[in-house]
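A short write-up of the structure that comes next.
There are 2 protein chains.
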Amino acid sequence: MTGHEDRSPTTVEKTAGSAGRIADALRADILSGAFAPGERIRQEVLAERYGASRLPVRDALRALEAEGLVIMVPNTGAWVAKLSLEECQEVYQVRERVEPLLLRMSMPGLDAETRDRLLPLVEAMRQEPQVEEFLRLDREFHMLTYSGAESTILGDLVERLWNTTQHYRRAFTLLGTERTSRTVHLEHEMLALAILRDDPDGAERVLLGHISSTRLELSRHPEVFHRL
Amino acid sequence: MTGHEDRSPTTVEKTAGSAGRIADALRADILSGAFAPGERIRQEVLAERYGASRLPVRDALRALEAEGLVIMVPNTGAWVAKLSLEECQEVYQVRERVEPLLLRMSMPGLDAETRDRLLPLVEAMRQEPQVEEFLRLDREFHMLTYSGAESTILGDLVERLWNTTQHYRRAFTLLGTERTSRTVHLEHEMLALAILRDDPDGAERVLLGHISSTRLELSRHPEVFHRL
DNA sequence: GAGCTTGAAAATGTATCCAATCCTCGTTTA
DNA sequence: TAAACGAGGATTGGATACATTTTCAAGCTC
Numbered sequence: 017m018t019g020h021e022d023r024s025p026t027t028v029e030k031t032a033g034s035a036g037r038i039a040d041a042l043r044a045d046i047l048s049g050a051f052a053p054g055e056r057i058r059q060e061v062l063a064e065r066y067g068a069s070r071l072p073v074r075d076a077l078r079a080l081e082a083e084g085l086v087i088m089v090p091n092t093g094a095w096v097a098k099l100s101l102e103e104c105q106e107v108y109q110v111r112e113r114v115e116p117l118l119l120r121m122s123m124p125g126l127d128a129e130t131r132d133r134l135l136p137l138v139e140a141m142r143q144e145p146q147v148e149e150f151l152r153l154d155r156e157f158h159m160l161t162y163s164g165a166e167s168t169i170l171g172d173l174v175e176r177l178w179n180t181t182q183h184y185r186r187a188f189t190l191l192g193t194e195r196t197s198r199t200v201h202l203e204h205e206m207l208a209l210a211i212l213r214d215d216p217d218g219a220e221r222v223l224l225g226h227i228s229s230t231r232l233e234l235s236r237h238p239e240v241f242h243r244l
Numbered sequence: 017m018t019g020h021e022d023r024s025p026t027t028v029e030k031t032a033g034s035a036g037r038i039a040d041a042l043r044a045d046i047l048s049g050a051f052a053p054g055e056r057i058r059q060e061v062l063a064e065r066y067g068a069s070r071l072p073v074r075d076a077l078r079a080l081e082a083e084g085l086v087i088m089v090p091n092t093g094a095w096v097a098k099l100s101l102e103e104c105q106e107v108y109q110v111r112e113r114v115e116p117l118l119l120r121m122s123m124p125g126l127d128a129e130t131r132d133r134l135l136p137l138v139e140a141m142r143q144e145p146q147v148e149e150f151l152r153l154d155r156e157f158h159m160l161t162y163s164g165a166e167s168t169i170l171g172d173l174v175e176r177l178w179n180t181t182q183h184y185r186r187a188f189t190l191l192g193t194e195r196t197s198r199t200v201h202l203e204h205e206m207l208a209l210a211i212l213r214d215d216p217d218g219a220e221r222v223l224l225g226h227i228s229s230t231r232l233e234l235s236r237h238p239e240v241f242h243r244l
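These protein sequence lines map, in sequence, to chains R and U. Here the first sequence is numbered in the numbering used here, starting from 17 and rising by one per residue. Here the second sequence is numbered in the numbering used here, starting from 17 and rising by one per residue.
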């Protein structure tokens with residue numbers, strides 16, 4: 017008997033043992049900016065930093081490499097992934113096509129309680145919070161609009177796209193002018209309203225425009241990508 | 017001239033690190049069907065199969081897990097990734113949105129020589145080749161249409177999506193009826209013609225329809241996903 | 001003095017060994 | 001008789017140690 021189909025781990029998404037913890041910690045450190053793009057990562061340093069051997073560190077690096085947050089070169093080392101202007105625009109182009117789909121799939125699954133949290137988040141962002149707080153609110157707002165989809169594949173993809181551009185969102189938030197900032201607030205409010213009135217087409221359209229206008233903003237600040 | 021390029025007869029390419037070779041070999045084995053979805057993968061078996069220790073095998077498994085081809089459960093083992101009908105449809109929905117974009121980005125970069133290879137490939141697929149040969153031609157045809165994009169991010173994403181659904185494309189090719197087969201050939205020809213006449217909008221539309229019709233085909237054969 | 005060569009140091013990749021965890025199967029008990 | 005419990009076996013995860021590769025810098029040649 018070849019007992020292969022023992023158990024179907026389709027619902028199991030857990031990352032492996034303690035390497036998963038290291039991967040989570042390192043991911044958080046990269047997203048928080050503690051490790052900057054282009055910075056070299058030495059396995060030994062991480063091993064000491066997280067109190068483990070180099071082996072789970074390598075596993076974690078491989079996992080993050082697959083997420084697009086780390087670049088590994090054989091026999092050479094690992095670096096925090098760095099996006100060129102063109103690559104960043106590419107990510108945003110993918111987001112323009114993918115996130116409206118995820119939003120559409122999510123909307124039927126959003127309950128009233130979840131929807132009631134949308135506009136308060138928009139209001140909170142209007143209070144001109146600090147950069148890190150704004151990034152957190154922005155992410156929470158969009159992820160909330162996606163929370164109705166039990167999608168695993170598309171949801172993970174979108175999360176990866178957000179993570180790879182996290183550093184650049186921070187940079188652009190830092191030098192954001194008031195006008196673009198107000199535009200973002202309006203787009204967020206329009207998105208929330210479209211969701212509240214159960215208008216999938218409108219929501220898709222607004223979200224596409226939101227991401228698209230952000231992408232166009234990238235071209236106006238190429239200096240963010242030049243300073244290596 | 018910094019010339020250390022002199023190597024012994026066994027000139028190993030830059031793809032050093034046997035973990036990479038194992039990952040490539042295992043990926044090929046999964047895509048070829050040698051390992052079926054849902055099948056358990058034991059590290060020791062792979063270590064012997066590829067003549068290495070369990071350690072590079074673990075690295076390879078992690079790499080493939082990140083690509084979505086393998087599922088790893090802590091302290092338990094690894095399985096070849098298996099898609100449910102819903103997940104497979106989700107992948108196709110993502111492909112519907114993403115591949116037309118990649119095609120649009122690719123078209124300006126397609127030179128005359130590359131375009132001349134499109135219709136012959138369509139013809140070759142019309143000759144009712146064996147399943148494996150058809151899968152190869154189909155993949156080559158589509159990848160050729162994408163070869164004009166120097167895109168790294170989007171190209172890798174599309175390749176991953178193709179890989180995760182490779183097994184199910186094989187299954188559906190096996191039970192394909194003549195009518196659906198002819199439809200596929202027509203869609204391929206329309207796609208090639210749209211590219212040859214430099215019609216990005218038309219090409220996007222045809223490709224979207226092509227993927228979409230394939231996705232709808234999935235619902236008609238749920239038994240492919242049940243027998244697992 | 002400039003550029004190439006060479007050698008040492010450091011970082012990565014791999015192998016072997018040991019600990020922790022999970023599955024299987026036999027035993028026991030209600 | 002069936003279900004729950006526990007011990008044994010098997011498999012994975014991690015740590016230490018070693019081989020390989022790369023890089024950097026000092027020294028030598030031209």
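Here a beta-carbon is modelled for each residue, glycine too, at the ideal position from N, C-alpha and C.
Interface flag for R113(R) against chain U is set, since a Cβ pair is found closer than 8 Å. The beta-carbon of D75(R) is placed less than 8 Å from the nearest beta-carbon of chain U. Shown here, G93(R) sits in a strand according to DSSP, grouped into three states. Rounded to the nearest whole angstrom, the CA to CA distance from P72(R) to A35(R) is 5 Å. For I46(U), no chain R residue has a Cβ inside 8 Å of its Cβ, as the nearest lies near 14 Å away. According to DSSP, residue pairing for I57(R) in a beta bridge involves A94(R). Chain R places a beta carbon closer than 8 Å to that of I169(U), counting this residue as a contact. Of the residues assessed, G84(R) falls on the buried side of the cut-off, its CB having 16 or more other CB atoms within 10 angstroms.
Under a 10 Å Cβ-count criterion, E81(U) is classified as buried, with 16 or more other Cβ atoms of the shown protein chains found around its own Cβ. Excluding the 5 residues flanking it on each side, T180(R) has same chain C-beta neighbours closer than 8 Å at E83, G84, L85, A97, L99 and V107, in chain order. For the 8 Å CB-CB criterion, C104(U) and L223(U) do not form a contact. Nearest Cα to T130(R) within the set G49(R), L42(R), A208(R) and A50(R): A208(R). L101(R) does not reach chain U, its nearest Cβ partner there being about 13 Å away, counting only Cβ pairs nearer than 8 Å. Close to Q143(U), with beta-carbon spacing below 8 Å, lies no residue of chain R; the smallest spacing is near 35 Å.
Contact of L223(R) with chain U is not assigned, every C-beta pair being separated by 8 Å or more. With its beta carbon at least 8 Å from every one in chain R, L62(U) lies outside the interface. Residue contact with chain U for R70(R): absent (no Cβ-Cβ distance below 8 Å to any residue of chain U). Restricted to the segment 134–158 of chain U, the alpha helix (DSSP H) segments that are unbroken, complete and at least 4 residues in length are 134–142, listed in chain order.
In terms of beta-carbon proximity, V110(R) lines the interface with chain U, with at least one pair separated by less than 8 Å. According to the DSSP secondary-structure assignment, V110(U) is paired through a beta bridge with no residue. In the DSSP annotation of this structure, A52(R) is not part of any alpha helix (DSSP H), being labelled neither H nor E. Around the beta carbon of E112(U), 16 or more other beta carbons lie within 10 angstroms, which makes this residue buried. Only exposed fits A50(U), as fewer than 16 other CB atoms lie within 10 angstroms of its CB. E106(R) belongs to the set of residues whose beta carbon lies under 8 Å from a beta carbon in chain U.
Look at L173(R): its C-beta is under 8 Å from a C-beta on chain U. For the segment 205–236 of chain U, there are no residues whose beta carbon sits under 7 Å from a beta carbon of chain R. Per DSSP, the unbroken alpha helix (DSSP H) holding H226(U) starts and ends at P216 to S235.
Out of L118(U), A79(U) and A210(U), the CA that lies nearest to the CA of T168(U) is found in L118(U). Boundaries of the alpha helix (DSSP H) harbouring D40(U): S34 to S48, taken from the DSSP string. With a threshold of 16 other beta carbon atoms within 10 Å, P136(R) falls short and is exposed. Between A165(U) and R142(R), the alpha-carbon positions lie close to 40 Å from each other. Straight across, the Cα-Cα distance linking Y162(R) with M123(R) is about 8 Å.
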